[in-house]
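Please read the structure below before turning to the comments.
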Amino acid sequence: VTLNQAEPNTVTQVRNLETDGYIAVQVGSEAKTKLPKPQIGHLKDLPQVSTLKEFRVDSTNDLKRGDVITVEAFQPGVRVDVIGISKGRGFAGVIKRYHFHGKNATHGTKDQERMPGSNASQRQGKVIKGKRMGGRMGAEQVTVKNLEVVSTDLGTNVIALKGAVPGPRGGLVMIKARSSNTVWHA
């Protein structure tokens with residue numbers, strides 16, 4: 194079980210079909226005191242939040258600007274998708290990055306245990322696009338699907354999810370209900 198601290202989110206903007214051409218809800222989280230002036234103007238008469246995310250929904254009948262979304266949006270037993278930024282690993286070799294098994298430690302192997310091996314044939318004279326090689330690993334968007342909500346605590350704003358959540362401790366994640374477009378920015 195993974196415990197996620199989910200602070201209340203404020204609806205900062207509601208987009209409708211007539212004025213914007215699509216239906217969506219903009220949600221803000223992470224209270225902050227210093228913000229750029231355009232953002233302060235956008236959040237006039239609302240709590241100052243630094244992170245804004247927009248989600249397309251089927252209808253916005255029950256939501257209006259200034260509404261607060263809490264952990265009540267998720268009931269135990271509901272299936273959710275969790276979207277976050279994975280932990281950055283820096284420059285990683287092919288063994289860590291692509292699970293190559295490496296070469297023998299003996300029988301004539303010298304300084305080649307963790308090398309990728311041959312890149313291409315000599316005749317080609319080039320490396321084919323998409324060849325798996327060492328490089329930067331992690332720090333990219335990851336979606337973990339179909340996690341079950343075990344419990345929610347309204348007093349402490351905690352959501353308990355059955356399974357692992359992408360990213361480091363204290364990282365920002367989005368929790369989306371699978372059955373509908375109910376959104377939560379934890």
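Under my numbering, the first residue of the sequence shown carries the number 194, and numbering increases by one thereafter. We put the beta carbon where it would ideally sit given N, CA and C, even for glycine. Just so we're clear, the structure is a prediction, and the values are computed from it rather than from any experiment.
(request) Pull up the DSSP beta-bridge partners for Leu354, would you. (result) Locating residue 354 in the sequence shown gives position 161, counting from the first residue. Looking at the DSSP assignment, Leu354 forms a beta bridge with Thr195, Val342.
(request) Report the three-state DSSP secondary structure of Glu265 (helix, strand or coil). (result) Your numbering for residue 265 matches position 72 in the sequence shown. The answer is helix: DSSP assigns Glu265 an H, G or I state.
(message) Less than 7 angstroms between the beta carbons of Thr345 and Phe267, yes or no?
(response) Here residue 345 corresponds to residue number 152 of the sequence shown, with the count starting at 1. Here residue 267 corresponds to residue number 74 of the sequence shown, with the count starting at 1. The answer is yes: Cβ separation under 7 angstroms.
(message) Within a Cβ cutoff of 7 angstroms, which residues of the same chain sit near Val358, ignoring the five residues on either side of it in sequence?
(response) As a working mapping, residue 358 is identified with position 165 in the sequence shown. Here the set comprises Thr195, Asn197, Val275, Gly277, Val337, Val366.
(message) Does Ile368 pass the burial test, meaning 16 or more other C-beta atoms within 10 Å, or should it be called exposed?
(response) Position 175 of the sequence shown, counting from 1, holds the residue named residue 368. Ile368 is buried by the Cβ-count criterion.
(request) Report yes or no: do the segment 307 to 316 and the segment 249 to 266 share at least 3 C-beta pairs separated by less than 8 angstroms? (result) no
(request) Please report how far the alpha carbon of Tyr291 lies from the alpha carbon of Gly323, in whole angstroms. (result) As a working note, residue 291 is residue 98 in the sequence shown. As a working note, residue 323 is residue 130 in the sequence shown. Distance between the alpha carbons of Tyr291 and Gly323 is about 12 angstroms.
(message) Let me check one thing: in DSSP terms, what residues is Asp274 bridge-paired to?
(response) In the sequence shown, residue 274 corresponds to position 81, counting from 1. For Asp274, which the question treats as bridged, DSSP gives the partners Lys369.
(message) In the DSSP output, what is Val204 paired with across the bridge?
(response) As a working mapping, residue 204 is identified with position 11 in the sequence shown. DSSP lists Val220 as partners of Val204.
(request) Tell me whether the beta-carbon of Thr203 lies closer than 7 angstroms to the beta-carbon of Leu239. (result) Reading the sequence shown from its first residue, position 10 is the one you call residue 203. Reading the sequence shown from its first residue, position 46 is the one you call residue 239. Their beta carbons are under 7 angstroms apart, which means Thr203 touches Leu239 by this criterion.
(request) With a 10 Å radius around its C-beta and 16 neighbouring C-beta atoms as the bar for buried, classify Gly328 as buried or exposed. (result) Taking the first residue of the sequence shown as 1, we reach residue 328 at position 135. Counting Cβ neighbours within 10 Å, Gly328 comes out exposed, since fewer than 16 surround it.
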